[in-house]
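**Student:** Provided herewith is a single structure, encoded as structure tokens, for subsequent inquiry.
Protein chains: 6
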Amino acid sequence: MRRGLYVGRFQPFHNGHKAVIDGLAEEVDELIIGIGSADISHDIRHPFTAGERVLMITRALNGLKIPFYVIPLEDVKRNALWVAHVKSMVPPFDTVYTSNPLVIQLFKEAGIPVLSPPMYLRESLSGTAVRKKMYHGEAWEEYVPKEVVSVVGEIHGIERMQQISKSD
Amino acid sequence: MRRGLYVGRFQPFHNGHKAVIDGLAEEVDELIIGIGSADISHDIRHPFTAGERVLMITRALNGLKIPFYVIPLEDVKRNALWVAHVKSMVPPFDTVYTSNPLVIQLFKEAGIPVLSPPMYLRESLSGTAVRKKMYHGEAWEEYVPKEVVSVVGEIHGIERMQQISKSD
Amino acid sequence: MRRGLYVGRFQPFHNGHKAVIDGLAEEVDELIIGIGSADISHDIRHPFTAGERVLMITRALNGLKIPFYVIPLEDVKRNALWVAHVKSMVPPFDTVYTSNPLVIQLFKEAGIPVLSPPMYLRESLSGTAVRKKMYHGEAWEEYVPKEVVSVVGEIHGIERMQQISKSD
Amino acid sequence: MRRGLYVGRFQPFHNGHKAVIDGLAEEVDELIIGIGSADISHDIRHPFTAGERVLMITRALNGLKIPFYVIPLEDVKRNALWVAHVKSMVPPFDTVYTSNPLVIQLFKEAGIPVLSPPMYLRESLSGTAVRKKMYHGEAWEEYVPKEVVSVVGEIHGIERMQQISKSD
Amino acid sequence: MRRGLYVGRFQPFHNGHKAVIDGLAEEVDELIIGIGSADISHDIRHPFTAGERVLMITRALNGLKIPFYVIPLEDVKRNALWVAHVKSMVPPFDTVYTSNPLVIQLFKEAGIPVLSPPMYLRESLSGTAVRKKMYHGEAWEEYVPKEVVSVVGEIHGIERMQQISKSD
Amino acid sequence: MRRGLYVGRFQPFHNGHKAVIDGLAEEVDELIIGIGSADISHDIRHPFTAGERVLMITRALNGLKIPFYVIPLEDVKRNALWVAHVKSMVPPFDTVYTSNPLVIQLFKEAGIPVLSPPMYLRESLSGTAVRKKMYHGEAWEEYVPKEVVSVVGEIHGIERMQQISKSD
Chain Y
1 MRRGLYVGRF QPFHNGHKAV IDGLAEEVDE LIIGIGSADI SHDIRHPFTA GERVLMITRA
61 LNGLKIPFYV IPLEDVKRNA LWVAHVKSMV PPFDTVYTSN PLVIQLFKEA GIPVLSPPMY
121 LRESLSGTAV RKKMYHGEAW EEYVPKEVVS VVGEIHGIER MQQISKSD
Chain W
1 MRRGLYVGRF QPFHNGHKAV IDGLAEEVDE LIIGIGSADI SHDIRHPFTA GERVLMITRA
61 LNGLKIPFYV IPLEDVKRNA LWVAHVKSMV PPFDTVYTSN PLVIQLFKEA GIPVLSPPMY
121 LRESLSGTAV RKKMYHGEAW EEYVPKEVVS VVGEIHGIER MQQISKSD
Chain D
1 MRRGLYVGRF QPFHNGHKAV IDGLAEEVDE LIIGIGSADI SHDIRHPFTA GERVLMITRA
61 LNGLKIPFYV IPLEDVKRNA LWVAHVKSMV PPFDTVYTSN PLVIQLFKEA GIPVLSPPMY
121 LRESLSGTAV RKKMYHGEAW EEYVPKEVVS VVGEIHGIER MQQISKSD
Chain X
1 MRRGLYVGRF QPFHNGHKAV IDGLAEEVDE LIIGIGSADI SHDIRHPFTA GERVLMITRA
61 LNGLKIPFYV IPLEDVKRNA LWVAHVKSMV PPFDTVYTSN PLVIQLFKEA GIPVLSPPMY
121 LRESLSGTAV RKKMYHGEAW EEYVPKEVVS VVGEIHGIER MQQISKSD
Chain H
1 MRRGLYVGRF QPFHNGHKAV IDGLAEEVDE LIIGIGSADI SHDIRHPFTA GERVLMITRA
61 LNGLKIPFYV IPLEDVKRNA LWVAHVKSMV PPFDTVYTSN PLVIQLFKEA GIPVLSPPMY
121 LRESLSGTAV RKKMYHGEAW EEYVPKEVVS VVGEIHGIER MQQISKSD
Chain F
1 MRRGLYVGRF QPFHNGHKAV IDGLAEEVDE LIIGIGSADI SHDIRHPFTA GERVLMITRA
61 LNGLKIPFYV IPLEDVKRNA LWVAHVKSMV PPFDTVYTSN PLVIQLFKEA GIPVLSPPMY
121 LRESLSGTAV RKKMYHGEAW EEYVPKEVVS VVGEIHGIER MQQISKSD
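Protein chains in written order, with the UniProt record's numbering: chain Y, 1 to 168; chain W, 1 to 168; chain D, 1 to 168; chain X, 1 to 168; chain H, 1 to 168; chain F, 1 to 168.
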């Protein structure tokens, strides 16, 4: 049995993330989705709490053909401890899927296989771009799964984002 | 829709926990299972990592008739912040199910409903008792779901427990 | 009895802060003054310690017609915990007075009333502007209460600021 | 001008503390009252939050003949840093008044004068003894200033204490 | 080249530690001595600071026939991160020498060789026993290297210990 | 006996640092070398771990004519506590040698002598400049002691740096 790990910040969970996960569902038997910077919320780059992101992801993956785990990962501040932190918080895994250069380096130094993802696994969308639309009142709904639109509505996410964006 | 929260340390997840959750599945539409002291492991009272406990619980609840979320909760040290911490890490919930006196008090002060669980929700087993059997080489397998026996085997849990118990 | 909360960083306490507080003294029976980022000092944007700021504020408010509390508030890093942190560190309060967008949002999400302050409550001065004068050796004394001038002198504040500003 | 520092946990503020402070008011011109373990609350030995203790002390000292500062001090865990922490959080002081052996040692190593308090400054009451009466439903009101009785009532302190004491 | 790691708390560094290190100098080419709980001092079980322990050890090992490194290791609270923490703070090493059961388990889980030390490597003395003599004014000097006696004298260590021991 | 303290980040240890230390070896009897931001690694400005820097420095100073201590210093985040932190982690010292403006100010406020270093003590090289060459594949080896070149090779330092520099 192959269990993979995929880590992101998911601020918010968008169609690019969804496409990666759909692709990974062909590669592994079970997938762990780690929510990075779980402890950060209510700021410009991290508007949503970990719990809100758990809800977005779980709903949007309803129907995924493999079992998955959605796990918040608080920051540990120290890169040299991060792999040990992740390993302690999630079920055992054998492969990491990522295109993030630092994550690649940290797992490589820890001797854990990192798969350079095939093209369809690369994120074509950036969270920054989606958030920008949300802040500017532009149409953002088409870039995220429809379940994410619902969650953002339920938690009054746009109102929160526009309020905190006044801070600067 | 009613979403409930149930928090424990699950060192390990045992039949008492399972019975509580089976009961709650009759009361709520979705259930959040918060794993307390997620950051503590490899000591006498907390032998298992959060990730190992996620695996135990998820497997043991395979087939539960309602959707559930399994979320590690690191300690925050400060009781006055704990409810805010929990709320930020899990999806929104409307009722807490617990018989822990401190947890009751903290949620009550935060104005969140705590349901005093009916008899079948009370844990008839204690984690301490189960761990004691594991440390002493007594039969412990009958007190936990069979999936937990498998996980403990896979991670060489008994060997770890017996090794660290030499520390004192 | 109405007890209000007013939070700022007060680096340093200036005439704008004083005017806000004089105005609030007409609105509430008691006022709590929370000193934010209490744990940060000796850097460009935060030259003064919490204790030095306590002294500035307490002396400058000598004679205020209502009772007041001056409370250092260390940072908690996590926005989602900040309201719980503040509530645990200060006496109970019923209204928050602020024009800071993030503070407004956090208290609003916690269900605590935030009063959008009338015009005379808005700070017409910025701490940044006052510090700039202090760093550049320009006249800054007229922008702060005279008691603040004394405290800055006693602690050799200008010398400290000019020394640390060489760092970059 | 002589400014003294007096540190305690004040769980709760009782007549012994009050007698010490009345005595110190004869010795110094201003007094800083530091509330230790400000971040700890809702446990058996530390039932009250820092804010609740600020309120107890401020009210009970209403009418004290010298100016005083009431400052919460979060724990720093490291004894070697504690004096620096205290110094950064409170206004400058020249003498520490305490009978706590560790506090004496730490300030002495930092070269700060510690006055061994005269007999009337020694606490004849212990917080532990007062809390015991509160937990056991015995008469405790006579051991604390009447303003503390009021605060405990307003915050439903006895109910909280009796609830959390079920935890063990 | 073989570089070994030996970790202890060294409160204080005593003849048992010295004998272990003399033995290890026959086994390895270089030795790293990690000072555990480096951040804890001024309490009954941890009277000395990390810096004081660095001084004791370095002086007492003057003349050791292999090169050695003395490195303070602050606690990380989380057992699951401790090996990664140690690895980041000290030069690369290939073998750990210890008889501590938890340390054995943690390095074993991390896949790092732990050598079960031969008899002469086992500590025949305990720090607890040495400290007890120091607290009780009994002869303790014969149980530690003479350089440790000097350091304890220079820092007024016995006075500190006897003062803090009044705390309880 | 005069024991000096010299603090730097040493990312990496370069010829400028070496020249300063050679100069200091004429001034003091023993030298403590504190490695700042010891807990930070694997990022653009801090590529190397504390342990790797310990190794670079110790090897490069092999043959220095005075005894020296190489001590990692984790960050404490709070400038007001930093001097106390350093004092607790290193052996007692009587003079600090530095040209860093903030370090000068912090030690001066703590009443500890800071010597303004003579010209040959000033660093003519900056770590930033050396790292830039390492990232860009330019010749960097001539700017650091040859032992540092070896260590960087052994730990595959250039590969790490070039990998993490893709992150942004």
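Heads up, the beta-carbon is just placed ideally off N, CA and C, and yes, glycines get one too.
Tell me which residues share the same chain as F:Val-76 and place their Cβ nearer than 6 Å to its Cβ, disregarding the 5 neighbours each side in the sequence.
**Tutor:** Excluding positions up to five away in sequence, the list reads Trp-82, His-85.
**Student:** Does F:Leu-55 have its Cβ less than 8 Å from a Cβ in chain H?
**Tutor:** yes
**Student:** Starting from H:Glu-27, trace the beta strand (DSSP E) in both directions and tell me its first and last residue.
**Tutor:** If you look at H:Glu-27, you'll find it isn't in any beta strand (DSSP E); DSSP assigns it neither H nor E.
**Student:** Would you say F:His-14 reaches chain Y, if we count a Cβ-Cβ gap shorter than 8 Å as a contact?
**Tutor:** no
**Student:** Does the beta carbon of Y:Ser-37 come closer than 8 Å to any beta carbon on chain H?
**Tutor:** no
**Student:** How long is the line joining the alpha carbons of D:Val-70 and Y:Gly-8, rounded to whole angstroms?
**Tutor:** 41 Å
**Student:** Within 8 Å of any Cβ in chain W, is that where the Cβ of D:Leu-106 sits?
**Tutor:** no
**Student:** Tell me, please, whether the CB atom of X:Arg-9 is closer than 8 Å to any CB atom in chain H?
**Tutor:** no
**Student:** Can you round the beta-carbon distance between D:Lys-59 and D:Glu-147 to whole angstroms, since I take them to be within the 8 Å contact cut?
**Tutor:** Rather than Lys, the amino acid found at residue 59 of chain D in this sequence is Arg. The C-beta separation of D:Arg-59 from D:Glu-147 comes to about 4 Å, placing the pair in contact by the 8 Å criterion.
**Student:** Rank D:His-46, D:Glu-109, D:Ala-80, D:Pro-101 by C-alpha distance to the C-alpha of D:Lys-132 and give the top, closest one.
**Tutor:** D:His-46
**Student:** Residues of chain Y with CB closer than 9 Å to the CB of F:Asp-43, please, in chain order.
**Tutor:** Asn-79, Leu-102
**Student:** Going by the CB atoms, is the gap between D:Ile-44 and D:Ser-150 shorter than 8 Å?
**Tutor:** no
**Student:** Less than 8 Å separating the beta-carbons of D:Lys-87 and D:Ala-25?
**Tutor:** no
**Student:** Name, in chain order, the residues that DSSP records as bridge partners for X:Leu-5.
**Tutor:** X:Ile-32, X:Val-96
**Student:** Check the Cβ of H:Arg-160 against every Cβ in chain X and list those closer than 7 Å, keeping chain order.
**Tutor:** Chain X residues near H:Arg-160: Gln-105.
**Student:** Taking just the CA atoms, how far does Y:Val-54 sit from D:Leu-61?
**Tutor:** 47 Å
**Student:** Could you have a look at W:Ile-164 and say whether DSSP puts it in helix, strand or coil?
**Tutor:** helix
**Student:** Please list the terminal residues of the continuous beta strand (DSSP E) segment that includes Y:Pro-67.
**Tutor:** Segment: none, Y:Pro-67 is in no beta strand (DSSP E) and carries neither H nor E.
**Student:** Near H:Ile-40, which residues of its chain fall below 8 Å by C-beta distance, leaving aside the five closest residues on each side in sequence?
**Tutor:** His-46, Asp-75
**Student:** What residues of chain W sit near X:Lys-166, judged by a beta carbon separation below 7 Å?
**Tutor:** Going along chain W in sequence order, the residues near X:Lys-166 (Cβ under 7 Å) are Pro-101.
**Student:** Would you check if the distance between the CB atom of X:Ile-104 and the CB atom of X:Thr-98 is smaller than 8 Å?
**Tutor:** yes
**Student:** When the Cα atoms are used, what is the spatial distance from H:Ala-80 to D:Met-134?
**Tutor:** 48 Å
**Student:** DSSP state of F:His-42, grouped into three classes?
**Tutor:** coil
**Student:** Give the interface partners of D:Thr-98 over in chain F, defined as CB-CB distance under 9 Å, in chain order.
**Tutor:** Within chain F, no residue comes near D:Thr-98; the closest Cβ sits about 25 Å away, beyond 9 Å.
**Student:** Based on Cα-Cα distance, which residue from H:Val-144, H:Ala-139, H:Ala-38, H:Lys-18 lies nearest to H:Leu-31?
**Tutor:** H:Lys-18
**Student:** What would DSSP say about X:Leu-55, mapped onto helix, strand or coil?
**Tutor:** helix
**Student:** Using a Cβ-Cβ cut-off of 8 Å, state whether H:Pro-72 counts as contacting chain F.
**Tutor:** yes
**Student:** Pull up the distance between the alpha-carbon of F:Gly-23 and that of F:Arg-3, whole angstroms please.
**Tutor:** 14 Å
**Student:** Considering only their Cβ atoms, is the gap separating D:Pro-12 from D:Phe-48 smaller than 8 Å?
**Tutor:** yes
**Student:** Using a cut-off of 7 Å between C-beta atoms, extract the partners of X:Pro-91 located in chain D.
**Tutor:** Gly-51, Val-54, Leu-55
**Student:** Tell me whether F:Met-119 sits in a helix, a strand or coil according to DSSP, three-state version.
**Tutor:** Residue confidence for F:Met-119 is low, a pLDDT of 48 falling below 50, so the modelled location carries little weight; the figure read from the coordinates is stated next. Helix, per DSSP.
**Student:** How big is the Cα-Cα spacing for W:Gly-157 and Y:Glu-159?
**Tutor:** 48 Å
**Student:** With distances taken Cα to Cα, identify the nearest neighbour of F:Glu-52 among H:Gly-51, H:Gly-16, H:Pro-92.
**Tutor:** H:Pro-92
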